[in-house]
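Numbering (this note's numbering), first residue to last: 90 to 440.
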């Protein structure tokens with residue numbers, strides 16, 4: 090392969106281990122990559138393509154050698170997630186996202202073939218929240234591929250619209266469910282409704298997390314940095330957990346009966362099935378989900394305190410915008426507030 094030079098780049102080659110390696114510099118950046126070719130002529134063709142790619146600000150790759158999404162997920166992304174310092178909930182989130190993606194045609198595409206348009210046209214199933222789980226996972230995978238130098242740039246992945254939850258548990262619906270809910274669903278629901286904890290946070294509670302004397306529950310970890318927090322321990326939750334503590338034989342408040350369970354505590358799946366049955370037997374709408382108990386807690390807390398910052402801290406949110414999505418402020422007292430404001434004004438208007 091001839092030695093080439095100009096002001097923008099230089100290109101040389103050397104035969105190493107019976108294959109030719111291209112060694113060139115473009116705008117001060119050096120590239121050294123094996124052509125995987127044993128003959129000089131074929132190596133020259135590959136090196137020339139490497140050079141053209143580098144001049145277009147692309148990472149030099151051999152044709153047909155770009156990593157596919159499935160291979161990247163299995164070889165790089167999932168091991169990265171497992172070894173990272175991400176919160177456990179975030180790791181589970183990305184793993185769930187990949188489970189949705191791996192059964193779709195996009196999993197067999199090359200990384201450089203996944204564009205904004207491709208992501209935007211993915212036929213994802215489930216709610217907007219579930220769809221965005223897959224899209225956020227795809228976005229993180231492509232971003233990681235960019236960090237590793239596999240992609241020159243990561244495409245912009247647009248998220249889907251999520252419908253805001255509006256259903257909340259009122260006194261009647263709560264009472265109806267609790268009459269039919271089996272254990273441990275009943276106690277899990279009570280903790281969610283009285284503390285604002287996420288269901289996944291509740292099922293992973295340890296007895297050491299219950300601060301009886303301070304009427305607090307310590308949440309060890311969650312989706313964000315602020316998820317580590319203290320939440321209230323109400324009297325009825327205290328009473329329910331006292332009963333449960335009398336028979337405790339595990340560090341977990343809600344231990345799993347499955348000896349093969351890796352976590353040691355029950356899973357979200359273990360309470361979701363009995364919840365759906367209890368909801369159906371109670372004749373409650375499908376819009377009422379277990380997670381709605383967290384929304385009800387946030388709504389009631391804001392109605393009674395008017396303190397959005399307090400609600401934000403108890404829910405463990407880093408952004409006020411996120412907290413506002415959870416709130417469904419009651420309007421029943423708005424007219425009274427307006428009337429109080431207008432006291433003394435009516436006469437002035439008449440006069």
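Beta carbons: idealized from backbone N, C-alpha and C, even for Gly.
query: Pairwise C-alpha distance: residue 222 and residue 183; result: 7 Å
query: Residue nearest to residue 273 in terms of C-alpha spacing, selected from 260, 257, 261 and 293; result: 293
query: Option nearest residue 146 by Cα separation, candidates 124, 241 and 134; result: 241
query: Beta-carbon proximity check, residue 217 vs residue 188, cutoff 8 Å; result: no
query: Where the beta strand (DSSP E) through residue 112 begins and ends; result: 108-115
query: Cα-Cα separation between residue 407 and residue 391, rounded to whole angstroms; result: 17 Å
query: At least three beta-carbon pairs within less than 8 Å, the segment 229-248 to the segment 348-355; result: no
query: Own chain, CB closer than 6 Å to residue 121, minus 5 neighbours either side, in chain order; result: 112
query: Where residue 301 falls: helix, strand or coil (DSSP); result: helix
query: Buried/exposed call for residue 350, threshold 16 Cβ in 10 Å; result: exposed
query: Pairwise C-alpha distance: residue 141 and residue 175; result: 38 Å
query: Bridge-paired residues (DSSP) for residue 123; result: 110
query: For residue 124 and residue 137, the rounded distance between their alpha carbons; result: 10 Å
query: Own chain residues within Cβ distance below 7 Å of residue 177, not counting five before or after; result: 310
query: Residue(s) in a DSSP beta bridge with residue 306; result: 299 and 320
query: Same chain, Cβ closer than 8 Å to residue 381, neighbours up to 5 away in sequence not counted; result: 254, 256, 257 and 258
query: Unbroken stretches of the beta strand (DSSP E), 3 residues or longer, contained in the segment 162-228; result: none
query: Element boundaries [alpha helix (DSSP H), containing residue 447]; result: Examination of residue 447 is not possible in this model, given that the chain is present from 90 through 440 alone.
query: Backbone secondary structure at residue 363 - three-state DSSP; result: helix
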